[in-house]
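See below for the structure under consideration.
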Amino acid sequence: MGFLPDIDDAPAAESVSTLKRNFGLIPKIFRAQLLRPDLVDAQVHLLDQLLFAKGALSRLQKEFILLAVSAENKNSYFPALHCQTLQFLGVKPEQSQQVTIDHREANLPAHEVALLDFARKLASQPHSISGTDVETLRRSDFNDEQILEAVLMVGLTQLLNCIQMGLGTEPDFKPRVTFAVKEVNPAAASERQTLEPELAGDVVSDDPDFEIVTRVRNGETDAFEELVRKHGRRLYRSLLGILGSAEEAEDALQDAFLKAFQHLPNFEARSRFSTWLVRIAINTALQRLRSRKEFDSLDEENEEFRPRNIRAWTETPEEFYSREELRRLVEKEVMKLPAKYRVALMLRDLEELSTEQAAAALGLSIPGLKARVLRGRLMLRESMVQYFAKAGAGKS
Amino acid sequence: MISCQDFIGELGNLLDDDVAKEIREQLETHLAHCNTCQVLYDSTRKTLRIVTESGSFEYPEPIAEPLVRKVMDRIRSGCETVSRPQTDAD
Numbered sequence: 001m002g003f004l005p006d007i008d009d010a011p012a013a014e015s016v017s018t019l020k021r022n023f024g025l026i027p028k029i030f031r032a033q034l035l036r037p038d039l040v041d042a043q044v045h046l047l048d049q050l051l052f053a054k055g056a057l058s059r060l061q062k063e064f065i066l067l068a069v070s071a072e073n074k075n076s077y078f079p080a081l082h083c084q085t086l087q088f089l090g091v092k093p094e095q096s097q098q099v100t101i102d103h104r105e106a107n108l109p110a111h112e113v114a115l116l117d118f119a120r121k122l123a124s125q126p127h128s129i130s131g132t133d134v135e136t137l138r139r140s141d142f143n144d145e146q147i148l149e150a151v152l153m154v155g156l157t158q159l160l161n162c163i164q165m166g167l168g169t170e171p172d173f174k175p176r177v178t179f180a181v182k183e184v185n186p187a188a189a190s191e192r193q194t195l196e197p198e199l200a201g202d203v204v205s206d207d208p209d210f211e212i213v214t215r216v217r218n219g220e221t222d223a224f225e226e227l228v229r230k231h232g233r234r235l236y237r238s239l240l241g242i243l244g245s246a247e248e249a250e251d252a253l254q255d256a257f258l259k260a261f262q263h264l265p266n267f268e269a270r271s272r273f274s275t276w277l278v279r280i281a282i283n284t285a286l287q288r289l290r291s292r293k294e295f296d297s298l299d300e301e302n303e304e305f306r307p308r309n310i311r312a313w314t315e316t317p318e319e320f321y322s323r324e325e326l327r328r329l330v331e332k333e334v335m336k337l338p339a340k341y342r343v344a345l346m347l348r349d350l351e352e353l354s355t356e357q358a359a360a361a362l363g364l365s366i367p368g369l370k371a372r373v374l375r376g377r378l379m380l381r382e383s384m385v386q387y388f389a390k391a392g393a394g395k396s
Numbered sequence: 001m002i003s004c005q006d007f008i009g010e011l012g013n014l015l016d017d018d019v020a021k022e023i024r025e026q027l028e029t030h031l032a033h034c035n036t037c038q039v040l041y042d043s044t045r046k047t048l049r050i051v052t053e054s055g056s057f058e059y060p061e062p063i064a065e066p067l068v069r070k071v072m073d074r075i076r077s078g079c080e081t082v083s084r085p086q087t088d089a090d
């Protein structure tokens with residue numbers, strides 16, 4: 001049973017036969033919606049037309065899109081149901097499972113890898129999809145009708161994933177692959193900023209820390225010291241930039257390593273250990289900022305920022321200051337930035353995380369993260385004009 | 001022809017070298033004609049260079065070893081509690 005009570009009703013006979021023919025049962029996701037049997041019928045009709053019926057894409061290609069997109073959404077329900085269905089179609093559970101975890105390692109032909117790359121990108125970063133992505137599919141010999149079906153399959157999977165998560169429907173079969181986080185687009189920032197052990201979805205096979213992490217997980221506690229030495233410096237830098245106090249940064253660093261140690265059994269290598277650790281450290285720092293009542297300033301959007309002080313800078317402004325002076329000056333001015341812009345700027349420009357990594361760490365969309373980083377950079381530039389503008393350069 | 005507002009909208013991507021060829025050409029055409037955006041682009045680029053090369057927020061060597069020891073002591077002693085952040089009430 002899910003979040004809503006079970007209803008003793010049935011969809012139309014045609015829907016029942018479509019579902020039974022294709023799944024061998026009426027999946028719980030549809031039984032959970034029987035307050036509105038008409039809408040169940042509409043969804044089954046769409047499934048029948050798009051997924052089950054012969055189309056431009058093969059049935060398997062469409063099923064794989066459903067698995068890959070569900071994986072992006074950390075949805076365990078649909079992979080469990082469809083791995084079972086795929087078995088009826090002659091696909092080994094191991095292969096369906098591998099497509100779910102990482103389609104690039106599933107021995108698929110190159111054009112199907114491109115198709116699933118596209119599907120995952122559309123599901124996880126819809127704002128970054130451009131004509132170039134569609135061109136990539138065309139170069140892989142997909143025609144426009146197939147591309148349309150791919151887009152529709154991603155959309156249908158998003159709809160079904162969202163319905164299942166919203167209704168809390170239990171799986172029909174024991175999931176072969178489960179995901180740590182099941183929220184899709186959680187509404188509140190307070191929910192986003194929880195400890196999220198794995199966000200990336202793919203198993204990372206080239207993690208340089210893999211061996212040490214394995215030793216620690218096998219009970220060799222002392223090996224963790226190597227990880228503390230290796231990653232401490234980088235984490236401290238981010239924590240100090242976010243928190244602004246050496247003492248707090250040290251405390252947060254200790255807490256972050258402790259949390260990482262305690263949660264190591266849950267680490268499933270879907271991202272590198274270092275990425276996972278950075279997320280833990282950032283969440284630790286954000287919790288501290290929130291407890292300082294800087295919480296609101298992290299999430300509220302302010303009015304648009306317009307650069308004002310437009311004076312030309314000297315060619316090599318660094319030359320006028322010693323390295324030590326520059327270091328202090330940057331630290332002083334960065335710490336004056338409002339927390340939400342400071343944190344975004346720290347992650348991108350000092351921690352040098354990718355846009356995607358920084359957005360995931362802060363629970364922001366890619367455009368949201370980019371907007372904050374740009375605002376942080378422009379505000380910092382504004383405050384630096386006083387030190388680096390050419391003498392006598394006019395204002396406008 | 002793009003406006004100054006459009007240019008600022010794309011400035012972050014330009015700084016990250018993450019713009020499509022056609023957009024880059026439009027931005028460069030705008031830059032060639034707009035002194036204000038030229039100054040804005042140049043000074044923001046220099047700001048980033050200073051920030052990344054300044055060595056700011058570095059890990060001070062004197063605290064490195066003691067910190068490693070503190071972390072490992074807490075882990076080895078089975079101290080499972082994570083210290084509570086400071087609040088105004090503290």
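Listed in order, the protein sequences are those of chains A and B. For reference, each letter of the first sequence is one residue, going 1 to 396 in my numbering. For reference, each letter of the second sequence is one residue, going 1 to 90 in my numbering. For each residue, glycine too, the CB sits at the ideal point set by N, CA and C. Because the structure is a prediction, the values reported are computed rather than measured.
What alpha helix (DSSP H) runs, 4 residues minimum, are completely inside the stretch 344–375 of chain A?
355–362
Considering only DSSP beta bridges, list what ALA110 (chain A) is partnered with.
None; ALA110 (chain A) has no bridge partner.
Check distances from the C-beta atoms of the stretch 246–261 of chain A to those of chain B and list, in chain order, the residues that come in under 7 Å.
GLU250, ASP251, LEU253, GLN254, ASP255, PHE257, LEU258, LYS259 and PHE261
Just to confirm, is the Cβ distance from LEU27 (chain B) to LEU48 (chain B) under 7 Å?
no
Beta-carbon of ALA187 (chain A) versus every beta-carbon of chain B: anything under 7 Å?
Low confidence applies here, because ALA187 (chain A) scores a pLDDT of 32, under 50, leaving its location unreliable and the question unanswered by this model.
Which residues, in order along the stretch 308–324 of chain A, keep a beta-carbon less than 8 Å from a beta-carbon of chain B?
ILE310, ARG311, ALA312, TRP313, PRO317, GLU318 and ARG323
I'd like to know if the stretch 342–356 of chain A and the stretch 366–373 of chain A are in contact, where contact means that at least 3 CB-CB pairs between them fall below 8 Å.
yes
Any idea what DSSP makes of ALA389 (chain A), helix, strand or coil?
strand
Among A:LYS62, A:SER17, A:GLU250 and A:LYS54, which has the Cα closest to the Cα of ASP41 (chain A)?
A:SER17
How long is the line joining the alpha carbons of ALA312 (chain A) and GLU105 (chain A), rounded to whole angstroms?
52 Å
Note down, in chain order, every chain A residue with its Cβ under 9 Å from the Cβ of ALA64 (chain B).
ARG229, GLY232, ARG233 and TYR236
Do PHE257 (chain A) and VAL71 (chain B) come within 7 Å of each other at the CB atom, strictly closer than that value?
yes
Tell me the residue span of the alpha helix (DSSP H) that contains GLU247 (chain A).
246–263
I believe LEU4 (chain A) touches LEU167 (chain A) by the beta-carbon criterion, under 8 Å. Please report the beta-carbon distance rounded to the nearest angstrom.
6 Å
Would you be able to state if there are at least three C-beta pairs under 8 Å between the stretch 37–52 of chain A and the stretch 127–139 of chain A?
no
Distance check for VAL278 (chain A) and ASP17 (chain B), CA to CA, integer angstroms please.
24 Å
Please check if any C-beta of chain A sits within less than 7 Å of the C-beta of TYR59 (chain B).
yes
Is the beta carbon of THR169 (chain A) closer than 7 Å to that of ILE29 (chain A)?
yes
Strictly by DSSP, which residues pair up with TRP276 (chain A)?
TRP276 (chain A) is not bridged to any residue.
Quick check on GLU14 (chain A): buried or exposed, where buried means 16 or more other Cβ atoms within 10 Å of its Cβ?
exposed
Restricting to Cα atoms, I'd like to know which of B:PRO66, B:SER3, B:SER77 and B:ARG74 is closest to ALA32 (chain B).
B:SER3
Short CB-CB distance (under 7 Å) between ARG74 (chain B) and chain A
yes
From this set, A:LEU35, A:GLU333, A:GLN97 and A:ALA361, which residue's C-alpha is nearest GLY244 (chain A)'s C-alpha?
A:GLU333
Would you call the CB atoms of SER54 (chain B) and ARG381 (chain A) closer than 7 Å?
no
GLU162 (chain A) - containing alpha helix (DSSP H), residue span:
The displayed chain sequence assigns Cys, not Glu, to residue 162 (chain A). First-last of the alpha helix (DSSP H) with CYS162 (chain A): 144–167.
CB-CB length for SER56 (chain B) against ARG327 (chain A), believed under 8 Å
5 Å
Environment of PHE64 (chain A) [buried if 16+ CB atoms lie within 10 Å]:
buried
contact_flag[the stretch 238–252 of chain A, the stretch 272–289 of chain A] where n(CB pairs < 8 Å) is 3 or more:
yes
Using 7 Å as the threshold, is the C-beta distance between LEU264 (chain A) and ARG217 (chain A) below it?
yes
Does chain A have any CB closer than 7 Å to the CB of VAL82 (chain B)?
Here VAL82 (chain B) scores only 44 on pLDDT, less than 50, and its place in the model is too uncertain to base an answer on.
Give me the Cβ distance between PHE78 (chain A) and ASN161 (chain A), rounded to the nearest whole Å; I'm assuming they're in contact under 8 Å.
6 Å
Output needed for MET305 (chain A): all residues of its chain with C-beta closer than 8 Å, excluding positions within five of it in sequence on either side, in chain order.
Residue identity differs from the one stated: residue 305 (chain A) is Phe in this sequence, not Met. Only ARG375, LEU378 and MET379 meet the Cβ criterion.
Cα separation between THR100 (chain A) and ALA110 (chain A)?
17 Å
Please list, in chain order, the chain A residues whose beta carbon lies closer than 9 Å to that of LEU31 (chain B).
Those do not exist, as LEU31 (chain B) stays about 14 Å from chain A at its closest Cβ, beyond 9 Å.
Using a C-beta to C-beta distance shorter than 9 Å, which residues of chain B count as neighbours of PHE388 (chain A)?
SER43, LYS46, THR47 and ILE50
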